[in-house]
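A.B. asks:
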Amino acid sequence: MLQSIISRTHTAVVMWDISGNIKNLASAVLEILLSHSGVVLLIGAVTVTVYKSVRKQHAPPGPPRLPFLGNILQVPRQFQSIPFLDWSTKYGPIFSLNLLGQNIIVLNNFKTANDLLERRSNIYNSRPHLIMLQDILCGGSFPPLEGDADIWRRWRRASHETFGTKGVEKYQAVQSKAAALAALRIATHPSGWEHTIEVTVYGWPPLEEDSPAIELVFKLAERVSNAAVPGAFLVDIFPLMKFLPAWMARWKREGEEFHNQMSAVLEKYLSDANEQMVSGDAQTCYVSEFIQTEDRHGFSRKTSAWISAVMLAAGAETTSSTMTNFLLAMLNYPGVMRKAQAELDEVVGRGRVPTFADMDNLPYIRAIVRETLRWRPVSPIGLPHVATEDNWYEGYFIPKGTAVDPSIYPDFDVYRPERFLDESGKVEISPSDVRQSGHATFGFGRRICVGMHFADQALFIAIATILWAFDINPPVDENGDVVIPPTDQLVDAGTVV
Ligand code: HEM
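Quick note: the sequence shown uses numbering that gives the first Met the number 0, first residue 0, plus one each step.
(1) Going by C-alpha to C-alpha distance, which of Met131, Asn108, Ile236 sits closest to phenylalanine 67?
(2) Is alanine 148 near phenylalanine 443, with beta carbons less than 7 Å apart?
(3) Let me know the secondary structure DSSP gives phenylalanine 396 once reduced to three states.
(4) Could you check whether the Cβ of valine 167 sits closer than 6 Å to any heavy atom belonging to the ligand HEM?
(5) Leaving out five residues before and five after asparagine 70 in sequence, what residues of the same chain have Cβ atoms less than 8 Å from its Cβ?
(6) Have a look at the DSSP bridge pairing and note the partners of phenylalanine 94.
(7) Using only the heavy atoms of the ligand HEM, determine whether one of them is closer than 6 Å to the beta carbon of phenylalanine 441.
(8) Thinking C-alpha only, which one of Gly100, Met336, Pro92 is nearest leucine 115?
(9) Tell me the DSSP secondary structure of lysine 146 in three-state form.
(10) Quick one: any contact between the segment 72-91 and the segment 340-349, if contact means 3 or more CB pairs under 8 Å?
(11) Closer than 8 Å is the cut-off here; do at least three beta carbon pairs connect the segment 452-467 with the segment 122-137?
(12) Alpha carbon to alpha carbon, how far is glutamine 56 from threonine 161? Give it in angstroms, no decimals.
(13) What are the start and end residues of the beta strand (DSSP E) that includes valine 403?
(14) Grab me the residues of tyrosine 395's own chain with a C-beta within less than 7 Å of its C-beta, minus the 5 sequence neighbours each way, in chain order.
(15) Thinking C-alpha only, which one of Pro362, Ile397, Ile135, His438 is nearest alanine 245?
(16) With a threshold of 6 Å (Cβ to nearest heavy atom), would proline 143 be considered close to the ligand HEM?
(17) Quick one: what's got a C-beta closer than 7 Å to tryptophan 151's C-beta in the same chain, skipping five residues either side?
(18) Classify leucine 243 as helix, strand or coil using the three-state DSSP reduction.
(19) Given this structure, state the Cα-to-Cα distance separating glycine 479 from glutamate 168, to the nearest angstrom.
(20) Identify, in the order they occur along the chain, each residue of the same chain with its Cβ nearer than 6 Å to the Cβ of lysine 425, setting aside the five sequence neighbours on each side.
(21) Starting from the Cα of aspartate 515, find the closest Cα among Gly166, Tyr123, Leu269, Ile483 and give me that residue.
(22) Run through DSSP, which three-state label would leucine 497 get?
(23) DSSP puts tryptophan 391 in a beta bridge; with which residues?
(24) So, do the segment 318-335 and the segment 271-291 have three or more beta carbon pairs nearer to each other than 8 Å?
(25) Return helix, strand or coil for valine 475, following the three-state DSSP convention.
(26) Rounding to the nearest angstrom, what Cα-Cα distance links arginine 415 and arginine 375 in this structure?
(27) Quick check: does the Cβ of cysteine 284 come within less than 6 Å of any heavy atom belonging to the ligand HEM?
(28) For tryptophan 305 and phenylalanine 298, what's the separation of their Cα atoms in angstroms?
(29) For valine 385, which residues does DSSP report across the bridge?
(30) Threonine 302 to asparagine 259, Cα distance in whole Å?
(31) One question on the structure: do proline 515 and alanine 463 come within less than 7 Å of each other, judged by their Cβ atoms?
(32) Considering only the alpha carbon of each residue, which of Asp359, Ser320, Glu256 lies closest to leucine 372?
(33) Relative to the C-alpha of tryptophan 250, which residue among Leu233, Thr486, Ile104 is closest?
(34) Please state if the CB of aspartate 404 and the CB of valine 105 are separated by a distance shorter than 7 Å.
(35) Within the same chain, show all residues whose beta-carbon is closer than 7 Å to that of glutamate 255, passing over the 5 residues directly before and after it, in chain order.
(36) Thinking C-beta only, is leucine 219 closer than 7 Å to alanine 312?
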């Protein structure tokens with residue numbers, strides 16, 4: 000750019016020279032311009048060098064990196080939280096990595112994550128742009144993956160109407176039914192009980208795990224999470240590859256095919272829900288409500304179809320994994336289970352199942368919900384937020400475009416719902432060093448989980464119903480010995496969006 004400005008200046012001055020009019024003046028101007036351009040160039044070069052050295056000198060510490068690859072070989076595809084934990088011990092509460100050119104900063108305690116992602120949420124509000132995932136597989140119709148874009152804002156607004164603190168109350172009846180069905184399924188069909196979110200998103204009856212609809216949505220979730228792994232597709236490292244014609248690039252062809260097939264099925268789910276609504280058969284569900292507002296929020300039918308599938312995929316594995324962690328906790332902390340059951344016996348009794356009307360009188364169950372979320376966050380390294388401006392934090396320079404990941408493990412191992420209650424055991428409290436909910440499992444700032452109130456409600460009624468209906472006991476092996484599942488053997492699979 001500077002080069003072209005300089006050469007244009009030359010041409011202009013030479014033309015004056017040819018005209019023979021003000022030759023001396025022209026050479027004077029030439030001199031000034033040349034020296035001016037030189038100064039500009041010099042300033043430009045100095046600025047870039049200083050900027051680079053500021054970036055380097057003031058970057059948070061981190062493990063040594065290889066040229067071009069950065070730290071990619073040190074970060075496993077699964078269980079990233081394990082090296083993160085080691086590095087946090089070595090480098091402190093804020094350290095940096097580079098994955099194939101993408102700068103990443105990892106925040107390892109609540110304070111740093113809160114200071115940046117919550118207090119500066121106006122500039123930590125974007126997401127990394129992944130071409131294969133966002134543009135090709137999802138065709139730009141997946142707002143939670145978008146940066147601080149208009150489509151994301153409109154979708155957040157629409158979702159708040161449905162999933163805000165007040166909005167979610169209308170789902171209580173459906174969630175109670177789903178919890179009762181889940182309890183029934185535990186007794187009759189122990190592996191499929193968690194797939195009840197479809198009731199609330201699409202208004203479908205609970206489906207079997209191998210039903211085509213569930214398989215499809217999970218295929219979508221799997222494809223999304225695989226494409227989100229850094230370096231999974233070369234186009235995300237060399238963005239110009241996105242302009243290759245589909246016939247030359249198999250990955251692009253297959254991605255576009257996937258998008259078209261998925262769109263057709265998801266639009267069909269949406270129009271089925273719409274028909275049910277028109278005929279008056281629809282039960283309260285996310286989709287039926289969303290369709291009614293799609294024009295007002297400016298969404299096409301296709302985008303609405305994708306958004307609905309996102310809600311199902313996002314809500315299903317996160318909630319079901321939290322329920323699995325709850326069962327794990329009950330097996331390892333039977334004292335907590337007995338205490339919760341004593342509360343249920345006192346408040347609810349044996350003549351009826353717990354309902355949302357009991358919520359205020361069941362503080363220990365509410366504390367179990369919070370403690371389960373805190374104890375084993377389903378996404379221990381959260382989702383990255385991307386800085387939209389250069390900024391400084393505690394002497395570190397964080398350039399625009401850096402992805403920032405929270406990775407927080409407060410008091411990792413001890414499961415103790417009492418931490419959320421005062422001495423009387425009736426009044427909820429929040430530890431001072433964490434957000435009001437007592438954990439950071441739903442994330443931070445403007446990107447905080449849009450389904451958190453919905454999830455809190457679903458977990459409350461599911462946990463209350465299961466503890467009311469069952470004793471959760473460990474299995475016995477062939478020698479008659481009790482086998483308690485260990486609390487440190489985690490599975491790393493699935494999707495959090
Ligand atoms: C126990 C249950 C759940 C957990 C632990 C969870 C966790 C999370 C986390 C950690 C994030 C990232 C927040 C951030 O970037 O700071 C997130 C975002 C999101 N969650 Fe959840 N979630 C749960 C349930 C749900 C449910 C039930 C839904 C929908 C019905 C949902 C929909 C979403 C969506 C759409 C986003 C993206 C938000 C955005 O980028 O603006 N989640 N969730």
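Heads up, the beta-carbon is just placed ideally off N, CA and C, and yes, glycines get one too. Just so we're clear, the structure is a prediction, and the values are computed from it rather than from any experiment.
C.D. replies: In brief:
(1) Here residue 67 corresponds to residue number 68 of the sequence shown, with the count starting at 1. When each option's Cα is compared against that of phenylalanine 67, the closest is Ile236.
(2) Here residue 148 is taken as the residue at index 149 of the sequence shown, counted from 1. Here residue 443 is taken as the residue at index 444 of the sequence shown, counted from 1. Cβ distance not < 7 Å, so alanine 148 and phenylalanine 443 don't count as in contact.
(3) Taking the first residue of the sequence shown as 1, we reach residue 396 at position 397. Three-state result, phenylalanine 396: strand.
(4) Translated into the one-based positions of the sequence shown, residue 167 becomes position 168. Taking 6 Å as the cut-off, one finds no heavy atom of the ligand HEM near enough to the beta carbon of valine 167.
(5) If you number the sequence shown from 1, residue 70 lands on position 71. Closer than 8 Å at the Cβ level, and outside the excluded window around asparagine 70, lie Gly61, Pro62, Arg64, Leu96, Asn97, Leu98.
(6) Here residue 94 is taken as the residue at index 95 of the sequence shown, counted from 1. Per DSSP, Val105.
(7) Translated into positions along the sequence shown, residue 441 becomes position 442. Yes, since a heavy atom of the ligand HEM falls inside the 6 Å radius drawn around the Cβ of phenylalanine 441.
(8) The sequence position of residue 115 within the sequence shown is 116, counting from 1. When the alpha-carbon of leucine 115 is set against those of Gly100, Met336, Pro92, the nearest one is in Pro92.
(9) Counting from one through the sequence shown, the residue named residue 146 turns up at place 147. Contrary to the premise, residue 146 reads as glycine rather than lysine in this sequence. Coil at glycine 146, not helix or strand.
(10) Contact between the segment 72-91 and the segment 340-349 is absent, because fewer than three Cβ pairs lie under 8 Å.
(11) No, the segment 452-467 is not in contact with the segment 122-137.
(12) Locating residue 161 in the sequence shown gives position 162, where the first residue counts as 1. Locating residue 56 in the sequence shown gives position 57, where the first residue counts as 1. Each residue's Cα considered, the two are about 46 Å apart.
(13) For this step, residue 403 is matched to residue 404 along the sequence shown. Valine 403 -> beta strand (DSSP E) spans 402-405.
(14) Numbered from 1 along the sequence shown, position 396 holds the residue referred to as residue 395. So the qualifying residues of the chain are His57, Ala58, Pro59, Ile93.
(15) Counting from 1 along the sequence shown, the entry for residue 245 is found at position 246. Ranked by how close their Cα comes to the Cα of alanine 245, the residues Pro362, Ile397, Ile135, His438 have Ile135 in first place.
(16) Residue numbering aside, residue 143 sits at position 144 when the sequence shown is read from its first letter. Proline 143: yes, Cβ under 6 Å from the ligand HEM.
(17) Taking the first residue of the sequence shown as 1, we reach residue 151 at position 152. Short of 7 Å from the beta carbon of tryptophan 151, and not among the five residues preceding or following it, lie these beta carbons of its own chain, in chain order: Pro142, Glu145.
(18) In the sequence shown, residue 243 corresponds to position 244, counting from 1. Coil at leucine 243, not helix or strand.
(19) The residue you call residue 479 lines up with position 480 of the sequence shown. The residue you call residue 168 lines up with position 169 of the sequence shown. For glycine 479 and glutamate 168, the distance between alpha carbons rounds to 46 Å.
(20) On the sequence shown, residue 425 is found 426 positions in, with the first residue counted as 1. Cβ neighbours of lysine 425 beyond the five flanking positions: Pro362.
(21) Residue 515 lies beyond the range of the chain shown here (0 to 496); nothing can be said about it.
(22) Absent from the model: residue 497. The displayed extent of the chain is 0 to 496, so no value can be given.
(23) As a first step, residue 391 is located in the sequence shown; it is residue number 392 there, counting from the start. Residue pairing of tryptophan 391 in beta bridges, as defined by DSSP: Phe396.
(24) Under the Cβ criterion (8 Å, minimum of three pairs), the segment 318-335 does not count as touching the segment 271-291.
(25) As a first step, residue 475 is located in the sequence shown; it is residue number 476 there, counting from the start. Secondary structure at valine 475: strand, using DSSP grouped into helix, strand and coil.
(26) Along the sequence shown, read from residue 1 onward, the residue named residue 415 stands at position 416. Along the sequence shown, read from residue 1 onward, the residue named residue 375 stands at position 376. Arginine 415 and arginine 375 have their C-alpha atoms some 12 Å from each other.
(27) Your numbering for residue 284 matches position 285 in the sequence shown. Not under cutoff, so the answer is no.
(28) Within the sequence shown, numbered from 1, the residue matching residue 305 stands at position 306. Within the sequence shown, numbered from 1, the residue matching residue 298 stands at position 299. Tryptophan 305 and phenylalanine 298 have their alpha carbons spaced roughly 11 Å apart.
(29) Start at 1 with the first residue of the sequence shown, and residue 385 comes out as number 386. DSSP output for valine 385 lists Ser125, Ala402 as bridge partner(s).
(30) The residue labelled residue 302 in the question sits at position 303 within the sequence shown. The residue labelled residue 259 in the question sits at position 260 within the sequence shown. C-alpha separation (whole angstroms): 13 Å.
(31) The structure shown does not extend to residue 515, since the chain is modelled only from 0 to 496, so the question has no answer here.
(32) Your numbering for residue 372 matches position 373 in the sequence shown. Of the candidates Asp359, Ser320, Glu256, the one whose C-alpha sits nearest the C-alpha of leucine 372 is Ser320.
(33) One-based indexing of the sequence shown puts residue 250 at position 251. With distances taken between Cα atoms, tryptophan 250 lies closest to Leu233.
(34) Start at 1 with the first residue of the sequence shown, and residue 105 comes out as number 106. Start at 1 with the first residue of the sequence shown, and residue 404 comes out as number 405. The answer is yes: Cβ separation under 7 Å.
(35) Numbered from its first residue, the sequence shown carries residue 255 at position 256. Same-chain partners within the cutoff: Ile135, Ala245.
(36) Position 313 of the sequence shown, counting from 1, holds the residue named residue 312. Position 220 of the sequence shown, counting from 1, holds the residue named residue 219. In contact: alanine 312 and leucine 219 (Cβ atoms closer than 7 Å).
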